[in-house]
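These notes concern the structure reproduced below.
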Amino acid sequence: MKYAYYPGCSLQESAREFDVSVRAVMAALGVELVDIPDWTCCGASAAEPVSALMNYALPARNLALAEQELPGLDVLAPCSACYLNLLKVNREVVGNKDLHARVNEALGASGLNYRGTVGVRHILDVLVNDIGLDPIKERIVNDLGGMRVSAYYGCQILRPYEVFDDPRHPVSMDNVLSALGAKPLPWDMGNKCCGASLMVTHPEVAMHSVAAILGAADGSDAVATVCPLCQMNLEAYQHDSAAGGHHVPILYLTQLMGLAFGLEEPSVLLDKNMSMDGSMRAGIRSRAWRHEAPGEGDETLARET
Amino acid sequence: MNQTQAHAWSPDAVTREILEELRGEIGACMQCGTCTASCPNGFAMDITPRQMWRMVQFGMLDRILESKTFWMCSSCYMCTLRCPRGLKLTRAMGALKRLARQRGTWKIRKNSAFYDAFMENVEKYGRVQETSLMPGYFLKSRDPLLPLHYLPLGVRMMRAGKLHPPSSAQKGRLKELFAKVREMEEES
Ligand code: SF4
Ligand code: SF4
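Sequence lines, in order, name chains X and Y.
Residue 118 in the UniProt record's numbering sits at position 118 of the first sequence; the count goes up by one each step and never skips.
Residue 80 in the UniProt record's numbering sits at position 80 of the second sequence; the count goes up by one each step and never skips.
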């Protein structure tokens, strides 16, 4: 299996742990990732409010490069916003004659053209549908031993396009977590919005969503995410009283996979997670949740009675 | 002083075009209120999404531009998922942001400062460089207290090794594309 890899800007910046753990986990599963040469920003959620055409031209540039340089490969985008922006080009530009012509006219300025032949895939889609849960289970060295994890899907991987999971009741990440030996907790916050870039423009508003999500995650050993913006919003303000004073590690699904595959903490960059403190790291290292009997003096258990 | 109202009587061509496009998209709204009920940020909006679509149908440009409703949209697509008429509501919220930005008053420029700073960063570096994005945003917002708000976070990010000096690997890579799009959007 081989994919054209689109890391996206965040994964080169504040979310390097996502990039590094995706590459490590994919390598462990025998999947080859080839970076799209010369890729640039997809516009995130900032292009749409500024320019209708840029909103399509920026992601289309990357698909055009993949089409030209890595023909036949699907694009794999771990970041939710990147995934949606790239997918949007296939859904809204390809098949719309006028718009497609305009986008290609813009791309023509740098000698590019997008015909519309590249499949766009989210990492969760690839894990569940291309790789499958059995090969993931076979790769496990040190399973998560009943770690209580809340699966946080966020918005843009399932909405508005219902591609690989039910946006109302998503299960794909829960299934991967179960395969890793974790215990996904039932909650109704998995597809709630974390505030996205509203956390920068109007933090007092976004904080309500963050507080509600973190509150509902009480009793979890960790929250698993597949989006750098969700991860940042959920962990960066845990010190802020407006976020409700809930402390829980917010980990990338691929970091948890790496740990279950026997990779050491440094190779999944656990030290980059701001929500990780000493006791949480110790808990992860010793799989503290394996010993569920009461009275063992385990810190993770003592936290939530 | 409300600057928006003063301009609202002679919409320029671009404003009219965005408004027309919006009216086309929102025409089928039956005012059921599902979008309002679905919105996680509705509590912070001064006009509910349902009311906003009514105003779009009636072309009430001045009232629309006074509102902060669309700036509170976090693009979560919940309304788009649930609208029984299948209307592209998140996209419409984006178009409303563009509409307001087109008519830019000071209040509006403050609201769009982050998006503008982001796009400038992309134009310059090709890939977003977070360490230079935030100072760019602070400058555009013209709010001297804003950097203070982000200081504790900046310190924690620095400690976790999350901040990196801007990379120039893709610098200037998007210059032609930005120039071309600007030219195309000006003449349309
Ligand atoms: S959900 Fe759709 S039809 Fe109902 S009020 Fe909102 S836009 Fe109109
Ligand atoms: S997309 Fe915007 S308007 Fe629609 S529900 Fe989400 S935040 Fe509200």
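Ideal placement from N, C-alpha and C gives every residue a C-beta, glycine not left out.
Rounded straight-line distance, which links the Cα of residue j to that of residue i
| i | j | result |
| --- | --- | --- |
| Pro-184/X | Arg-102/X | 46 Å |
| Thr-225/X | His-169/X | 16 Å |
| Val-210/X | Glu-13/X | 22 Å |
| Glu-25/Y | Leu-151/Y | 42 Å |
| Tyr-137/Y | Pro-49/X | 15 Å |
| Glu-162/X | Met-78/Y | 12 Å |
| Met-147/X | Leu-127/X | 20 Å |
| Leu-76/X | Met-60/Y | 43 Å |
| Ala-106/X | Glu-17/Y | 20 Å |
| Leu-99/X | Leu-112/X | 16 Å |
| Leu-198/X | Lys-192/X | 14 Å |
| Leu-81/Y | Met-52/Y | 18 Å |
| Ala-182/X | Arg-285/X | 14 Å |
| Glu-264/X | Lys-272/X | 14 Å |
| Ala-64/X | Arg-287/X | 45 Å |
| Met-54/X | Phe-261/X | 41 Å |
| Ser-220/X | Gly-244/X | 16 Å |
| Glu-123/Y | Arg-50/Y | 36 Å |
Counted within 10 angstroms of its Cβ, other Cβ atoms place residue i as buried (16 or more) or exposed
| i | result |
| --- | --- |
| Ser-141/Y | buried |
| Asp-35/X | exposed |
| Thr-90/Y | buried |
| Gly-27/Y | exposed |
| Thr-117/X | exposed |
| Cys-29/Y | buried |
| Arg-290/X | exposed |
| Cys-32/Y | exposed |
| Ser-168/Y | exposed |
| His-164/Y | exposed |
| Glu-204/X | exposed |
| Ala-13/Y | exposed |
| Leu-139/Y | exposed |
| Phe-58/Y | exposed |
| Asp-134/X | exposed |
| Arg-115/X | exposed |
C-beta neighbour in chain Y for residue i, strict 7 Å
| i | result |
| --- | --- |
| Arg-115/X | no |
| Lys-272/X | yes |
| Gly-195/X | yes |
| Gly-295/X | With a pLDDT of 48 at Gly-295/X, under the threshold of 50, the predicted position of this residue should be treated as unreliable, and no value is reported. |
| Glu-67/X | no |
| Ala-109/X | yes |
| Glu-235/X | no |
| Leu-198/X | yes |
| Thr-201/X | yes |
| Val-20/X | no |
| Cys-227/X | no |
| Leu-11/X | no |
| Ser-286/X | no |
| Arg-23/X | no |
| Met-280/X | no |
| Cys-155/X | yes |
| Pro-186/X | no |
Span of the beta strand (DSSP E), counted from its first residue to its last, around residue i
| i | result |
| --- | --- |
| Ile-250/X | 250 to 252 |
| His-122/X | 120 to 122 |
| Lys-162/Y | Unbroken run through Lys-162/Y: none, as it is neither H nor E. |
| Leu-33/X | 32 to 35 |
| Leu-76/X | 75 to 77 |
| Thr-90/Y | Counting along the chain, Thr-90/Y falls outside any beta strand (DSSP E), though it belongs to the alpha helix (DSSP H) covering 89 to 102. |
| Thr-201/X | Run containing Thr-201/X: none in the beta strand (DSSP E); it sits in the alpha helix (DSSP H), 198 to 201. |
| Lys-2/X | 2 to 5 |
| Val-223/X | 222 to 225 |
Terminal residues of the alpha helix (DSSP H) in which residue i lies
| i | result |
| --- | --- |
| Val-94/X | First-last for Val-94/X: undefined, no H or E at that position. |
| Leu-229/X | 228 to 236 |
| Arg-148/X | From DSSP, Arg-148/X is part of no alpha helix (DSSP H) but of the beta strand (DSSP E) over 148 to 152. |
| Ala-182/X | That residue, Ala-182/X, is in no alpha helix (DSSP H); it is neither H nor E in DSSP. |
| Tyr-150/Y | 146 to 159 |
| Thr-36/Y | 34 to 38 |
| Ala-44/Y | That residue, Ala-44/Y, is in no alpha helix (DSSP H); it is neither H nor E in DSSP. |
Residue i at chain X interface by Cβ criterion, 7 Å
| i | result |
| --- | --- |
| Phe-114/Y | yes |
| Thr-80/Y | yes |
| Gln-170/Y | yes |
| Ala-160/Y | yes |
| Cys-39/Y | no |
| Val-155/Y | no |
| Phe-118/Y | yes |
| Glu-123/Y | no |
| Gly-136/Y | no |
| Glu-186/Y | no |
| Lys-180/Y | yes |
| Gly-59/Y | no |
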